[in-house]
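Undergrad: Numbering (the numbering used here), first residue to last: 14 to 149.
(1) Could you name the residues that DSSP lists as bridge partners for residue 55?
(2) Please classify residue 36: is it buried, with 16 or more other beta-carbons within 10 angstroms of its beta-carbon, or exposed?
(3) Between residue 16 and the rest of its own chain, which residues show a CB-CB distance below 8 Å, the 5 nearest in sequence each way excluded?
(4) Taking a contact to mean a Cβ-Cβ separation below 8 Å, would you say residue 132 touches residue 22 in this structure?
(5) The alpha helix (DSSP H) spanning residue 77 covers which residue range?
(6) Are the beta-carbon atoms of residue 142 and residue 104 separated by less than 8 Å?
(7) Under the rule that 16 or more other beta-carbon atoms within 10 Å means buried, what is residue 41, buried or exposed?
(8) Tell me where the beta strand (DSSP E) around residue 128 begins and ends.
(9) Let's test the definition: count the other Cβ atoms within 10 Å of the Cβ of residue 146 and tell me whether it reaches 16, buried, or not, exposed.
Below you can see the structure in the form of C-alpha cells.
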C-alpha cells in the first residue's frame, strides 16, 4: 500500500536530533525508512511547504529541501480539495476540528486508498468519522 507521510513524521526524520527521541519515535523512523526503501512513500506539496517553513538556517533548509526533492509531489486536483472540505465538514459536525492540511491529506489518502503515516493524534479522531488507514 502507498503511504502519504505527514509533516510531523518528516520533521521528526529531518529536523529533530536523534538524541531526544523516544522509543515510539524511533519505531516511526524505522517504519519510514522501510517504506522509503520499498518505494511506497508519497508527499503532498502542502506537506513539503510546511516542512520547509520556519527553518532559520540556510544550511538546514538546503539539506531538507534536497532530501524532500527525492519525493515528487502527488498531483492534487479540484476533487481532492472538495473532498477535503467534505471531510472537514463531516468532522466538524461531530465536534472535531482540524487544519486544512490535515483534511487534504485525509482526502487524498481516501480517494486513492492509501495509508497515512503520522504521529499526530488528531488523525485518530478523524478516523472515527472518515475511512482512513493509519500507520503504524
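Ideal Cβ placement from N, Cα and C applies to all residues, glycine included.
TA: According to the structure shown:
(1) Your numbering for residue 55 matches position 42 in the chain shown. Bridge partners of residue 55: 17.
(2) Here the question's residue 36 lines up with position 23 in the chain shown. Residue 36 is exposed by the Cβ-count criterion.
(3) Reading the chain shown from its first residue, position 3 is the one you call residue 16. Within the same chain, residue 16 has close Cβ partners 48, 53, 54, 55, 127, 128, 129, 130, 148.
(4) Indexing the chain shown from 1 puts residue 132 at position 119. Indexing the chain shown from 1 puts residue 22 at position 9. In this structure, residue 22 lies closer than 8 Å to residue 132 by Cβ.
(5) Position 64 of the chain shown, counted from the start, is the residue given in the question as residue 77. Judged by DSSP secondary structure, residue 77 falls within the alpha helix (DSSP H) whose first and last residues are 71-81.
(6) On the chain shown, position 129 is the one that residue 142 refers to. On the chain shown, position 91 is the one that residue 104 refers to. Taking 8 Å as the Cβ cut-off, residue 142 and residue 104 qualify as a contacting pair.
(7) For the purposes of this step, residue 41 is taken as residue 28 along the chain shown, with counting starting at 1. Result: buried.
(8) Counted from its first residue, the chain shown places residue 128 at position 115. Element bounds for residue 128: 128-130.
(9) For this step, residue 146 is matched to residue 133 along the chain shown. Result: exposed.
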